[in-house]
Amino acid sequence: MVEQANEFPFQANEVIPNHIAIIMDGNGRWAQRKFLPRVAGHKEGMNTVKKITKHASRLGVKVLTLYAFSTENWKRPTDEVSFLMQLPVDFFDTFVPDLIKENVKVNVMGFVDQLPVHTKKAVEKAIEDTKNNTGMILNFALNYGSRSEMLEATKLIAKKVQENQLTVDEITEETYSEALMTHTLGKYQDPDLLIRTSGEERISNFLLWQIAYSEFYFTQILWPDFDESVLEMAIGVYQSRHRRFGGL
Ligand code: FPP
-6 MVEQANEFPF QANEVIPNHI AIIMDGNGRW AQRKFLPRVA GHKEGMNTVK
44 KITKHASRLG VKVLTLYAFS TENWKRPTDE VSFLMQLPVD FFDTFVPDLI
94 KENVKVNVMG FVDQLPVHTK KAVEKAIEDT KNNTGMILNF ALNYGSRSEM
144 LEATKLIAKK VQENQLTVDE ITEETYSEAL MTHTLGKYQD PDLLIRTSGE
194 ERISNFLLWQ IAYSEFYFTQ ILWPDFDESV LEMAIGVYQS RHRRFGGL
């Protein structure tokens, strides 16, 4: 179903989702439709990230999580992987001054130690450069996969039990959430709204534990074409839904 902009109009004075997570899909198809190489879609996708970061921050979103590279994306051709590993470098090189102006703080979740050195350095520098910002958290999922994240969390908890720091009965949803990569997001660790672009309606190993009660918004729009008005349309749909968390 493709929503019309006026079907669920966005209301600036209504509830804004605290945490929005986005699966940014369709860069390759966007480029192919324009007879461009796939990486041109990723480059344009980076510009969309800049636009959406600013707009989300100005709307009052507290955390914006973006799925930039999954643990499965290493299977892509080497040239494309190299390009995707260079993107955070270019992104932070050009955008950190704007992030500082907007009071946006960078966070990264994923298996960061497996990233190439230049990517890891760029990410660490951006985190350092924005660490004193107190506004929206721009949370990149880089080399992230939810099943691996949950396995690591399980191992961490098992070790604590083995070392008598925790009993089996003390393992709760809170203990488990604390062991996940999203624990640094505090009370905003679970997304309120999950958006996926490009018409695919899959979760693709993204935040499986954290999306238990999230609202989903799927759109046909390819990520490079996603803009402020589509973000508002998604929030408008979110605002129209009655959220009950399993109760009445
Ligand atoms: C999915 O499109 C997109 C990705 C795997 C990469 C996402 C990266 C960006 C949007 C660039 C911004 C990143 C940073 C760090 C600023 P796809 O290539 O799977 O598209 P397709 O399904 O049409 O082939």
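Heads up, the sequence shown is in my numbering, so the first residue is -6 and it goes up one at a time.
Built from N, CA and C at the ideal position, the CB exists for glycine as well.
Taking 7 Å as the cut-off, does the CB of residue i come closer than this to any heavy atom belonging to the ligand FPP?
| i | result |
| --- | --- |
| MET102 | no |
| ASN136 | no |
| MET78 | no |
| ASN66 | yes |
| GLY192 | no |
| HIS35 | yes |
| PHE84 | yes |
| PHE62 | yes |
| PHE219 | no |
| MET17 | yes |
| ARG51 | no |
| ASN20 | yes |
Going by C-alpha to C-alpha distance, which of the options sits closest to residue i?
| i | options | result |
| --- | --- | --- |
| ASP83 | LEU59, PHE104, ASN40, THR58 | ASN40 |
| LYS44 | VAL32, ALA33, LEU57 | LEU57 |
| HIS48 | ILE13, LEU108, LYS124 | ILE13 |
| LEU186 | PHE209, ILE120, ASN132, GLY240 | PHE209 |
| VAL116 | ALA134, ILE150, ASN126 | ALA134 |
| ASN132 | SER75, TYR60, GLN155, GLN203 | TYR60 |
What does a CB cutoff of less than 7 Å around residue i pick up in its chain, not counting 5 residues either side in sequence?
| i | result |
| --- | --- |
| ILE9 | LEU52, GLY53, VAL54, ILE228 |
| GLY38 | MET17, ASN20, TRP216, PRO217 |
| LEU149 | ALA172 |
| PHE76 | VAL32, HIS35 |
Residues in the same chain with beta-carbon distance under 8 Å from residue i, minus the five sequence neighbours each way, listed in chain order, please.
| i | result |
| --- | --- |
| ARG234 | GLU208 |
| MET(-6) | Only weak support exists for where MET(-6) lies, its pLDDT of 46 falling under 50; the coordinates are left without a value. |
| PHE63 | A small correction: the amino acid at residue 63 is Ser; Phe does not occupy that position in the sequence shown. Excluding residues within five positions, the ones whose Cβ falls inside 8 Å are ALA134, ASN136, TYR137, GLY138, SER197, ASN198, PHE199. |
| ASP86 | ALA115 |
Can you give me the Cβ contacts of residue i inside the same chain, cut-off strictly under 6 Å, excluding the 5 residues immediately before and after it?
| i | result |
| --- | --- |
| PHE3 | GLU225, ILE228, GLY229 |
| ILE188 | ILE15, TYR210, ALA227 |
| ALA33 | ALA24 |
Below 8 Å on the Cβ atoms is my guess for residue i versus residue j; work out the distance and round it to an integer in Å.
| i | j | result |
| --- | --- | --- |
| ALA119 | VAL89 | 6 Å |
| ILE214 | THR190 | 6 Å |
What are the complete beta strand (DSSP E) segments, minimum 3 residues, inside the region 43 to 77?
56 to 63
At 3 residues or longer, what runs of the beta strand (DSSP E) sit wholly inside the region 154 to 191?
Entirely contained in the region 154 to 191, the beta strand (DSSP E) runs reaching 3 residues are, in chain order, 186 to 189.
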